[in-house]
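Chemist: Starting off with a structure, shown below.
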Amino acid sequence: MLFPCQGRKNSATPVLVTGAGIITAMGQGWNANAEGFRAGRREVRPVTLFDVSRHRVKTAAEITMPKSIPTGRLRPNAVRRLDRATQLLLIAADEAWQQARLDGTKEMPVVLGTTSGGMSLGETYYRQAIERPRAASRQPTRVLHYLSQTQAMVIEEAFGFQGSITIIANACASGSNAIGHAADLIRSGQCEMVLTGGYDALSELVFTGFDSLQALSPTQCRPFDANRDGLALGEGAAVLILESEARARGRGAPVLARLSGYGAATDCHHLTQPQPQGNAALQSMQLACADAGLTPRQINYVNAHGTGTPLNDSAEAAAINRWANGDAGGIPVSSSKACIGHLLGAAGAVEAAVCIMALQGQWLPPMNINDADPACNFPLVRAAGSARLDHVLSNSFGFGGANATLILSRTS
Amino acid sequence: MKRVFIHGIGAVSPAGWDVPSLRRALDCDSPIATAPLERPGWKVPLPVRRVPQPIPKLPFLAHARLRRTSPISLYAAAAGMEALHNGCYKRTEGHRLGVIFCITAGCVQYSRRFYDEALRNPATASPLLFPETVFNAPGSHLGALLESASVNYTLVGDPGAYLQALALGAGWLSEGKADSCLVVGAEEIDWLMADAYRHFSRRVVCGEGAGALYLSNTPPAEGAGVELLAITTPRLYLNGMSRLQAIRQVRGELPCAGADALLCDSAAGWPVRDRAELDAWSDWNGARLSPKRVLGEGLMAAGAWQCVAAVDRLREGRHRTALVSIAGSHQQAIGACFSTGDNG
Numbered sequence: 000m001l002f003p004c005q006g007r008k009n010s011a012t013p014v015l016v017t018g019a020g021i022i023t024a025m026g027q028g029w030n031a032n033a034e035g036f037r038a039g040r041r042e043v044r045p046v047t048l049f050d051v052s053r054h055r056v057k058t059a060a061e062i063t064m065p066k067s068i069p070t071g072r073l074r075p076n077a078v079r080r081l082d083r084a085t086q087l088l089l090i091a092a093d094e095a096w097q098q099a100r101l102d103g104t105k106e107m108p109v110v111l112g113t114t115s116g117g118m119s120l121g122e123t124y125y126r127q128a129i130e131r132p133r134a135a136s137r138q139p140t141r142v143l144h145y146l147s148q149t150q151a152m153v154i155e156e157a158f159g160f161q162g163s164i165t166i167i168a169n170a171c172a173s174g175s176n177a178i179g180h181a182a183d184l185i186r187s188g189q190c191e192m193v194l195t196g197g198y199d200a201l202s203e204l205v206f207t208g209f210d211s212l213q214a215l216s217p218t219q220c221r222p223f224d225a226n227r228d229g230l231a232l233g234e235g236a237a238v239l240i241l242e243s244e245a246r247a248r249g250r251g252a253p254v255l256a257r258l259s260g261y262g263a264a265t266d267c268h269h270l271t272q273p274q275p276q277g278n279a280a281l282q283s284m285q286l287a288c289a290d291a292g293l294t295p296r297q298i299n300y301v302n303a304h305g306t307g308t309p310l311n312d313s314a315e316a317a318a319i320n321r322w323a324n325g326d327a328g329g330i331p332v333s334s335s336k337a338c339i340g341h342l343l344g345a346a347g348a349v350e351a352a353v354c355i356m357a358l359q360g361q362w363l364p365p366m367n368i369n370d371a372d373p374a375c376n377f378p379l380v381r382a383a384g385s386a387r388l389d390h391v392l393s394n395s396f397g398f399g400g401a402n403a404t405l406i407l408s409r410t411s
Numbered sequence: 000m001k002r003v004f005i006h007g008i009g010a011v012s013p014a015g016w017d018v019p020s021l022r023r024a025l026d027c028d029s030p031i032a033t034a035p036l037e038r039p040g041w042k043v044p045l046p047v048r049r050v051p052q053p054i055p056k057l058p059f060l061a062h063a064r065l066r067r068t069s070p071i072s073l074y075a076a077a078a079g080m081e082a083l084h085n086g087c088y089k090r091t092e093g094h095r096l097g098v099i100f101c102i103t104a105g106c107v108q109y110s111r112r113f114y115d116e117a118l119r120n121p122a123t124a125s126p127l128l129f130p131e132t133v134f135n136a137p138g139s140h141l142g143a144l145l146e147s148a149s150v151n152y153t154l155v156g157d158p159g160a161y162l163q164a165l166a167l168g169a170g171w172l173s174e175g176k177a178d179s180c181l182v183v184g185a186e187e188i189d190w191l192m193a194d195a196y197r198h199f200s201r202r203v204v205c206g207e208g209a210g211a212l213y214l215s216n217t218p219p220a221e222g223a224g225v226e227l228l229a230i231t232t233p234r235l236y237l238n239g240m241s242r243l244q245a246i247r248q249v250r251g252e253l254p255c256a257g258a259d260a261l262l263c264d265s266a267a268g269w270p271v272r273d274r275a276e277l278d279a280w281s282d283w284n285g286a287r288l289s290p291k292r293v294l295g296e297g298l299m300a301a302g303a304w305q306c307v308a309a310v311d312r313l314r315e316g317r318h319r320t321a322l323v324s325i326a327g328s329h330q331q332a333i334g335a336c337f338s339t340g341d342n343g
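Quick note, the sequences are listed as chains A and B, same order. Under numbering that gives the first Met the number 0, the first residue of the first sequence carries the number 0, and numbering increases by one thereafter. Under numbering that gives the first Met the number 0, the first residue of the second sequence carries the number 0, and numbering increases by one thereafter.
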């Protein structure tokens, strides 16, 4: 029963991350990504998935797909229907599933964030509908697999489990909202374990959209650089297995980190521009800290939303300065988008995974920029290095004013 | 978990821009006339059920954020504002109004237009259209219209996701994330969407509009009001679970209802798809309401219309309990139970 909830609410229940999987332009899997993010490697390259010859910008953090993907229990005809976004999701989910040692799990809710689901299938559907209006070949399959809930069902089918599906589409905050909501489900007693994360594949419509807004950098994405000129788009997926501490410890699951705080707020200023002082971003960070029972002084690193656009980064810098309340000088900040671009609905999940990598390895993910924006009262991480990390904070802000913040903590 | 009451309801549908017009259309129990929608490349248009022009024009639709939006945002705003208005919502300092916006197809008109421009020449594709293609644009406009800085989610799913959204809203109220919550489901028609549905049945007629429920933990001041009693576990059509089995499990999980109860189902007059739901409820002897037969296949809007219609009949005193059964076309079955507050 979803309502009234049958479980016993315990907001103090620690929520642990017991599995994680990731694929980005940096590579497939935890190790390849950890190595790349630790070095601050930049993975933006020419777009090959669709024609960009008439676009203003012609690069993105496109993934080189592996030769084979894990398909679990999917039948061959179902495998043939998989679109790029679902493939990315399957790859990340498989790694998380294996790491969390979930074989035999039959029931588990799925909470995912995405902005465009199977958009490439929608594009193909439209082109055929226009070019060959009477041709129905493969169109029904495209309709079904365009839907993001179908992609979540593919995951359940591939791994042989059942559970409610929740797709959160809060633009670029979707992944963080999904993880935060998954943690809420555990703390409210509705379940003991959730498969959560975010995914998005590059698509012509979305790439053209950001290009039309002139939001893409014609040079290089440099978050918080004084001369930044836009973002780079990317694609990828990250999946986390969240679990109540009691269940995780009880079954001897590996523990990667603790999800200790989540906050969400809405910026009503403008559909695509943040309120200049970052009011909603500040509120989101404050709510996450309150949820975690932490003060800004206890946060050892901020993985910023940091898109590299002039307006976003200045609003986020203002929010971080205000949130730290004069103590920002001790909190290092960087943005993963400098390396792998903006992953939209996957961004929050992938950046949460990067935070877990940093917590586990006790290092700071650097980014390559030239001149720091003087609006930043905090140090920007510009070189690889070790650090003592107990609590890290990850921001995700999206179109429509969706703001979300996660706090992840090291476990002993 | 705290009790949850329905303080307000709102609807935009092919019957008109408010709940009374929805009520009249459902009471007539006769399908609303279809209108032709041009489908490029075809001589014969697609039959659809569109929302009529609002008369008189609703004042809040002139809000700056709604000037360039697609119809789905206008429908969501109108249904949401009606629910808040008849729920006597007044914006006060510190009140946290949570907003949940739900869609299946979403902002398909602007998406189709923008992609068409992108294919013709990406260098001149309109930057005004693109932001309105994003799934959460209508939810964002709604938040801006209401000046609500609180938590605001957009959920994507089949029509059953509307009931999941109600459960989410109830959870926010229970956990103290929001003081009250507005849950809106909406869709808009485009030839692309009607074309897509035609691949599954030539008999289906698409509809458009929105429905909204305004939730709070406090009982309404006037009378006992309507209470949300239960929302079942969603049952997915997956791993061997048939539609019929899923709907039967949902029915088994719903509270027993008396002889005077209402069943508001999701039958759309599409025999192949309706069969499982009709079979699962074949021995139901009480009153029955099927909004989609009258208004069309409104996807997420239809899920919301079902709830609005059920709550409206309870508020009118025509029943004491209402069950809502939503059997989505390919994802899941799910159900809910509403009751007048004096029903225990």
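Glycine residues also receive a C-beta, built at the ideal position from the N, C-alpha and C atoms.
With respect to the beta strand (DSSP E) encompassing residue 96 of chain B, which residues constitute its N-terminal and C-terminal limits?
Modeler: The sequence position of residue 96 of chain B within the second sequence is 97, counting from 1. Start and end: 96-102.
Chemist: List the endpoints of the continuous beta strand (DSSP E) containing residue 192 of chain A.
Modeler: Taking the first sequence and counting its residues from 1, the one referred to as residue 192 of chain A is at position 193. Here the beta strand (DSSP E) through residue 192 of chain A covers 192-199.
Chemist: May I ask you to verify whether the stretch 50-65 of chain A touches the stretch 154-171 of chain A, counting CB pairs closer than 8 angstroms and requiring at least 3?
Modeler: no
Chemist: Quick one: what's residue 394 of chain A bridged to in DSSP?
Modeler: For the purposes of this step, residue 394 of chain A is identified with residue 395 of the first sequence, where counting begins at 1. Per DSSP, A:404.
Chemist: Given 8 angstroms as the limit, is there contact between the stretch 265-280 of chain B and the stretch 386-393 of chain A, that is, 3 or more CB pairs closer than that?
Modeler: no
Chemist: How far does the alpha helix (DSSP H) with residue 114 of chain B in it reach, from first residue to last?
Modeler: Taking the first residue of the second sequence as position 1, residue 114 of chain B is located at position 115. First-last of the alpha helix (DSSP H) with residue 114 of chain B: 107-119.
Chemist: Put residue 84 of chain B into one of helix, strand or coil per three-state DSSP.
Modeler: Position 85 of the second sequence, counted from the first residue, corresponds to residue 84 of chain B. Residue 84 of chain B falls in the helix class under three-state DSSP.
Chemist: Pull up the CB-CB distance for residue 102 of chain B and residue 186 of chain B, whole angstroms please, since I reckon it's below 8 angstroms.
Modeler: Counting from one through the second sequence, the residue named residue 102 of chain B turns up at place 103. Counting from one through the second sequence, the residue named residue 186 of chain B turns up at place 187. Right, their Cβ atoms sit about 7 angstroms apart.
Chemist: In chain A, what lies closer than 7 angstroms to residue 214 of chain B by C-beta?
Modeler: For this step, residue 214 of chain B is matched to residue 215 along the second sequence. Near residue 214 of chain B there are no residues of chain A at all, since even the closest Cβ is about 11 angstroms away, more than 7 angstroms.
Chemist: Under a Cβ-count criterion, where at least 16 other Cβ atoms within 10 Å of its own Cβ denotes burial, should residue 16 of chain B be classed as buried or exposed?
Modeler: One-based indexing of the second sequence puts residue 16 of chain B at position 17. Per the 10 Å Cβ criterion, buried.
Chemist: Within 10 angstroms of its Cβ, does residue 94 of chain A collect 16 or more other Cβ (buried), or is it exposed?
Modeler: By one-based count along the first sequence, residue 94 of chain A stands at place 95. Looking at its Cβ environment, which holds 16 or more other Cβ atoms inside 10 Å, residue 94 of chain A is buried.
Chemist: To the nearest angstrom, how far is it from the Cα of residue 142 of chain B to the Cα of residue 273 of chain A?
Modeler: The residue given as residue 142 of chain B occupies position 143 in the second sequence. The residue given as residue 273 of chain A occupies position 274 in the first sequence. Computed Cα separation, rounded: 14 angstroms.
Chemist: Listed in chain order, which residues of the stretch 337-359 of chain A have Cβ atoms closer than 8 angstroms to some Cβ of chain B?
Modeler: Those residues of the stretch 337-359 of chain A placed with their C-beta closer than 8 angstroms to a C-beta in chain B do not exist.
Chemist: Please check the pair residue 247 of chain B and residue 279 of chain B, which I expect to be a contact at CB under 8 angstroms, by giving their CB distance rounded to whole angstroms.
Modeler: Position 248 of the second sequence, counted from the first residue, corresponds to residue 247 of chain B. Position 280 of the second sequence, counted from the first residue, corresponds to residue 279 of chain B. Contact flag correct, Cβ pair sits at about 5 angstroms.
Chemist: From the DSSP output, in three-state form, read off residue 268 of chain A for me.
Modeler: Reading the first sequence from its first residue, position 269 is the one you call residue 268 of chain A. Reduced to three states, the DSSP call for residue 268 of chain A is coil.
Chemist: State the Cα-Cα distance for the pair residue 137 of chain A and residue 87 of chain A, rounded to the nearest angstrom.
Modeler: Mapped onto the first sequence, residue 137 of chain A falls at position 138. Mapped onto the first sequence, residue 87 of chain A falls at position 88. Near 22 angstroms, if we compare the C-alpha coordinates of residue 87 of chain A and residue 137 of chain A.
Chemist: Does DSSP classify residue 62 of chain B as helix, strand or coil?
Modeler: For the purposes of this step, residue 62 of chain B is taken as residue 63 along the second sequence, with counting starting at 1. The answer is coil: DSSP assigns residue 62 of chain B none of H, G, I, E or B.
Chemist: Along the chain, where does the alpha helix (DSSP H) containing residue 128 of chain A start, and where does it finish?
Modeler: On the first sequence, position 129 is the one that residue 128 of chain A refers to. Residue 128 of chain A -> alpha helix (DSSP H) spans 118-130.
Chemist: Using 8 angstroms as the cut-off, can you tell me whether the stretch 179-196 of chain A makes contact with the stretch 89-109 of chain B, which would need three or more C-beta pairs spanning the two stretches below that distance?
Modeler: no
Chemist: Can you list the residues of chain A that residue 39 of chain B reaches, using a CB-CB cut of under 9 angstroms?
Modeler: As a working mapping, residue 39 of chain B is identified with position 40 in the second sequence. Going along chain A in sequence order, the residues near residue 39 of chain B (Cβ under 9 angstroms) are 128, 129, 132.
Chemist: Give, in chain order, every residue of the stretch 227-245 of chain B whose Cβ lies closer than 9 angstroms to some Cβ of chain A.
Modeler: 227, 228, 229, 230, 231, 232, 233, 234, 235, 236, 237, 238, 240
Chemist: Determine the DSSP secondary structure at residue 331 of chain B, reduced to helix, strand or coil.
Modeler: Numbered from 1 along the second sequence, position 332 holds the residue referred to as residue 331 of chain B. It is a strand residue.
Chemist: For chain B, is any of its Cβ atoms less than 8 angstroms away from the one on residue 17 of chain A?
Modeler: On the first sequence, residue 17 of chain A is found 18 positions in, with the first residue counted as 1. Chain B contact via Cβ: absent.
Chemist: Output the distance between the C-alpha atoms of residue 178 of chain B and residue 9 of chain A, rounded to the nearest integer angstrom.
Modeler: As a working mapping, residue 178 of chain B is identified with position 179 in the second sequence. As a working mapping, residue 9 of chain A is identified with position 10 in the first sequence. In a straight line, the C-alpha of residue 178 of chain B is about 20 angstroms away from that of residue 9 of chain A.
Chemist: Among B:60, B:19, B:78, whose alpha-carbon lies nearest the alpha-carbon of residue 10 of chain B?
Modeler: Start at 1 with the first residue of the second sequence, and residue 10 of chain B comes out as number 11. Residue B:78 is the option with its Cα nearest to residue 10 of chain B.
Chemist: So within the stretch 230-265 of chain B, which uninterrupted alpha helix (DSSP H) runs reach at least 4 residues, ignoring any that extend past its ends?
Modeler: 242-252
Chemist: Report yes or no: do three or more beta-carbon pairs, one from the stretch 58-74 of chain B and one from the stretch 211-221 of chain B, lie closer than 8 angstroms?
Modeler: no
Chemist: Check this for me: beta carbons of residue 222 of chain A and residue 385 of chain A, under 8 angstroms apart or not?
Modeler: As a first step, residue 222 of chain A is located in the first sequence; it is residue number 223 there, counting from the start. As a first step, residue 385 of chain A is located in the first sequence; it is residue number 386 there, counting from the start. For residue 222 of chain A and residue 385 of chain A, no; Cβs fall outside 8 angstroms.
Chemist: Quick one: what's residue 300 of chain A bridged to in DSSP?
Modeler: The residue labelled residue 300 of chain A in the question sits at position 301 within the first sequence. DSSP, once it has assigned bridges, lists A:391 as partnering residue 300 of chain A.
Chemist: Bridge partners for residue 48 of chain B per DSSP, in chain order?
Modeler: Against the second sequence, residue 48 of chain B aligns to sequence position 49. Checking the DSSP bridge columns, you'll see residue 48 of chain B partnered with B:206.
Chemist: For a minimum of 3 consecutive residues, which ranges assigned as the beta strand (DSSP E) are wholly contained in the stretch 224-273 of chain A?
Modeler: Taking only runs of at least 3 residues, the beta strand (DSSP E) segments lying wholly in the stretch 224-273 of chain A are 235-243, 256-265.
Chemist: Which partner residues does residue 362 of chain A have in the DSSP bridge list?
Modeler: Sequence index remark: in the first sequence, residue 362 of chain A carries index 363 (1-based). Here residue 362 of chain A is bridged, per DSSP, to A:385.
Chemist: Contact criterion: CB-CB distance below 8 angstroms. Does residue 111 of chain B meet it with respect to chain A?
Modeler: Within the second sequence, numbered from 1, the residue matching residue 111 of chain B stands at position 112. At least one chain A Cβ lies under 8 angstroms of residue 111 of chain B.
Chemist: At least one CB of chain A closer than 8 angstroms to the CB of residue 114 of chain B: is that the case?
Modeler: Stepping through the second sequence from its first residue, residue 114 of chain B is reached at position 115. With 8 angstroms as the cut-off, residue 114 of chain B counts as an interface residue toward chain A.
Chemist: Please classify residue 23 of chain A: does DSSP put it in a helix, a strand, or coil?
Modeler: Taking the first sequence and counting its residues from 1, one reaches residue 23 of chain A at position 24. Note: residue 23 of chain A maps to strand in three-state DSSP.
Chemist: If residue 203 of chain B and residue 324 of chain B are in contact, beta carbons under 8 angstroms, what's the gap, nearest whole angstrom?
Modeler: Along the second sequence, read from residue 1 onward, the residue named residue 203 of chain B stands at position 204. Along the second sequence, read from residue 1 onward, the residue named residue 324 of chain B stands at position 325. No, residue 203 of chain B and residue 324 of chain B are not in contact; Cβ-Cβ is about 19 angstroms, not under 8 angstroms.
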